[in-house]
Amino acid sequence: MAARPPAAGERFEHQAARTFVHRLAFVAMLYLAFATAFRVLDWARHPAAGAPAFADLVLQLEIVVVALVVCALRPPRVLAHGIGLVVVASFATQLASEAAARSAEPGQLALWQLCLLTATSVLLPWGAIPQALAGVVALAACAWVLPRPIAEGTLVAGLGLVAGTLASVCGAHFLARERRASSERTAMLSEEAEIGAALAHVGQMLSANLNRPDMLEQVNRLAVELIGCDWSGTFTWHERPRGYRLGSSFGLRADARTELAMLDFPSEVSPLLRAFRPDQLIEIGTDDPQRLLPSHFRRRFDLGSALFAPLYESMQLAGVLVCAFREPRHAFTARERRLALGIAHATAVAHQNARLIHDLTAASRLKSDFVATMSHELRTPLNIILGYTDLLASGEFGELLPAQREVLTTTRRSAQQLFELVSSTLNLNRMDAGRETVDLDVTNLDELLAEIVEEAKPLVRDGVRLTYTNHLGSRMVVTDRVKLKTIVKNLIGNALKFTDRGTVEMQAHARHGQMVIEVRDTGIGIPEEQLPVIFEMFRQVDASYTRRHDGVGLGLYIVKRLVDLLGGSILVASEVGVGSTFTVTLPLTTAGYQIAS
Ligand code: ADP
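Counted the way the numbering used here counts, the sequence shown spans residues 21 to 617.
If you want it as C-alpha cells, here you go:
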C-alpha cells in the first residue's frame, strides 16, 4: 500500500526540528562570541591580570559542535531537546563559575542567567518543559556558587531570577503555541490557495472547451493531474438504453476502457448508484463494508482505491466522476476529496450549460426556419397585391375615380411597407442564423453602381437630382455583389426618402487601397445625438422628423451588419436642415491585383 503523505502536524514537527538545530547553533555562537568579547574587553581594562584564558570556551565550543552534529542526524525530538539542554546547562554553569571566580554580585549573576534564559526562550522552538528544565539548571548553578550564609541582597537577586525564569517558561510555552497555530494557518491557507487555483484552472478549461466533444476527457486528464490518481473517468446518463455509460476517461487501460464503454449501468441494479447523494463523495478503498462494488469488478477495472463524485443537475444524478488508483492505498486525503468534489461541481455546471447551448441552438434553428418559411409565404401574396394595385393604378381595368385612386395609393403604400418589413425580417433572419456567407465574385463595379442608380430613379422626387460619379473606372473588383448592392441601395433609398429638394449624390473612389462609396444628400439631416444610435435595430429619428416617411427602422441596421460581414466600416456625418453623408469603406481587391490609391 502506498505511504500516506505527511499531515500538516507532521510537517510542522519536521520543520520545527530543523529550525531547532539552526537556532541552537545561533544561540551557541552568540554566547561564545559574547563570552570571548567579554574576556578580551576585561583583559584590555586590566592588562596587569595577564592574558585571558580561553580553555573553558574551547571546551564549550567542542560540546556545541558535538551537540550540533548529533542533532543534524535528526534524532527524536526529545533527544534533540535533551542535547540542547546539555548545551544550555554548560553555559549556565560556566556563567556561575565565572561569577564565582570574579566574586561577582549575586544581582550580576542573576542578570547573566536571565539573559541566557531569555535568549533560549525566544530563540529555541522547544516549548515550556525544556525551558523550565533550563531554568532549574540555571537556578541550581546560581545556588551552588552563591556565598553562604545567604544575604538579603542575594535573596532579592534570587527572587528576581525565579520570576524571570517563570516568565521565560511562560514565554516559551506561548511562543510554541503560536508557532504551531501559525504553521497550521499557513498550511491551511496555502492548501486553500492551491485548491482554489486548481479549481480555477478547471473552470477556465471547461469554459474554453464548452460544447467541444472532448470536454469530459479534458476534465479526466486534469483530475489525474491534480489528484495524482492513476486514472479518471466520467459516466453520463443516457436515455437509450437507460443507464450510466462511460463517456470519457484518461489513464485507463485501453481494453478496460473498451469494455466499460459497452456497459450500461441502470441505477436500479447498482447499489453504488443508489447510494449517491448531492455533494457527497463515495470512497471505496481497502474495505467496502456496504458492498457497493463487487470485488471482481474492482479488480477487472483497476479500482483498487476509488473516489466517486456525483454530477448533479437540477437534483438529478446526471453522471459520476471517478478518480481511481489501481492498487489499494490509504484513504483519500481532505485535499484530494475537495478537489474531486470541486471538479465534479464545475463539470456538472459545464455539462448542463453545454446541454442548454445545444437546446438553445436547436430552438433558434427552429425559430429561424419558421420565420424564413413565414416570410416566404407572406411575400408571395404581397407581391400579388402589389402587382394588382399597380395594374389597377395604371388603368388596366378601367379609369379610376379620384377617391378610388386615393384609396388605391394608401393600399399600395401599406402593402409596400409590409413587403419591406417582411423582406428585412427575412434578411435579418438569414444573418442571425449565420447562413449569410460572403460570396466573393468578380464584379464590374461601374455596371453595378449604374444599375443601382437606374433602379433608384423611380424614387427620385420632383426638385431632387440624383447624380453618380465613379472615380474607380470600370475595373473588375472582387466583392459580394448582392451584399454591396443591398448596402448602396439602402443608403440611396434613405437619401432620396429624406430629401425633398436638392441633390443626392453617389461617389465611388479608392483611398489607401480601399474602396470608398459616399452617399451625400441635401435632405433633412440627423440630429447629432441620434447619430450613434441610428444603426441599431428599429431606431428612427424623432417622430417629428420621420412622421412623413415610410420605413421600419431596419435598413441601416442591415447595412451595418452587411458592411461588417464584408470586413468594412461605415461612418455618418450630418447636420439638421443641411444634409447627410454616409461613407462606406470596403476592402478593395481587383481581379488579379490590389489597387493602389
Ligand atoms: P427607416 O426604415 O426608418 O429608413 P433606417 O434604419 O434605414 O430605417 O434609418 C433609421 C433612421 O435614420 C431613419 O428613420 C431616419 O430617421 C434616419 N436616417 C437614415 N438615413 C437618413 C438620411 N439620409 N437623412 C436623414 N435621416 C436619415
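Backbone N, C-alpha and C fix where the C-beta goes; we use that ideal spot for every residue, glycine too.
- Distances from the CB of residue 300 to the heavy atoms of ligand 1 are all 7 Å or more.
- With a contact defined as Cβ atoms closer than 8 Å, residue 80 and residue 114 qualify at about 6 Å.
- Residues 146 and 150 of the same chain have their beta carbon placed closer than 6 Å to that of residue 101, with the five preceding and five following residues left out of the count.
- With contacts defined by Cβ atoms closer than 8 Å, residue 182 and residue 112 do not form a contacting pair.
- With 16 or more other CB atoms across the displayed protein chains lying within 10 angstroms of its CB, residue 581 is buried.
- The criterion of a C-beta distance shorter than 8 Å is satisfied by residue 256 and residue 339.
- When C-alpha distances from residue 29 are compared across 213, 201 and 604, the shortest belongs to 201.
- Between residue 44 and the set 67, 105 and 592, the nearest pair of CA atoms involves 105.
- Here residue 520 is exposed. Its C-beta has fewer than 16 other C-beta atoms within 10 Å.
- Counting C-beta atoms within 10 angstroms of its own C-beta, residue 494 has fewer than 16 neighbours from the protein chains shown and is therefore classed as exposed.
- The Cβ-Cβ distance between residue 428 and residue 409 falls below 8 Å.
- The C-beta of residue 539 has 16 or more other C-beta atoms within 10 Å across all chains shown, which makes the residue buried.
- The beta carbon of residue 515 sits closer than 7 Å to at least one heavy atom of ligand 1.
- A direct Cα-Cα distance of roughly 30 Å separates residue 361 from residue 34.
- Straight-line spacing of the CA atoms in residue 607 and residue 386 works out to 35 Å.
- Of the candidates 38, 53, 140 and 54, 38 places its Cα closest to the Cα of residue 96.
- Between the alpha carbons of residue 136 and residue 171 lies a distance of about 24 Å.
- The beta carbon of residue 510 sits closer than 7 Å to at least one heavy atom of ligand 1.
- When DSSP states are grouped into helix, strand and coil, residue 190 belongs to the helix group.
- Counted as a single uninterrupted DSSP element, the beta strand (DSSP E) harbouring residue 258 occupies residues 251-258.
- The closest CA to that of residue 530, considering only 489, 506, 558 and 559, is found on 489.
- In this structure, DSSP gives residue 389 a helical state, which the three-state scheme calls helix.
- Check the Cα spacing between residue 353 and each of 446, 395, 301 and 322: the tightest is with 301.
- Using a Cβ distance threshold of 8 Å, residue 330 and residue 276 do not count as a contacting pair.
- Distance from the Cα of residue 333 is smallest, within the candidate group 371, 423 and 548, for 371.
- Beta-bridge pairing by DSSP links residue 540 to 525 and 601.
- The C-beta distance from residue 573 to residue 555 rounds to 11 Å, too long to fall under 8 Å, and the pair is not in contact.
- Taking every protein chain shown into account, the CB of residue 216 has fewer than 16 other CB atoms within 10 angstroms, so this residue is exposed.
- Within a 10 Å sphere around the beta-carbon of residue 328 sit 16 or more other beta-carbons, which makes this residue buried.
- If you check the C-beta of residue 408 against ligand 1, you find no heavy atom less than 7 Å away.
- For residue 442, the shortest separation between its Cβ and any heavy atom of ligand 1 does not lie below 7 Å.
- For residue 341, the enclosing beta strand (DSSP E) has its first and last residue at 336-345.
- Under the three-state reduction of DSSP output, residue 499 falls in the strand class.
- Scanning the stretch 77-127 for uninterrupted alpha helix (DSSP H) segments of 4 residues or longer gives 97-121, listed from N- to C-terminal end.
- Closer than 7 Å to some heavy atom of ligand 1: that describes the Cβ of residue 600.
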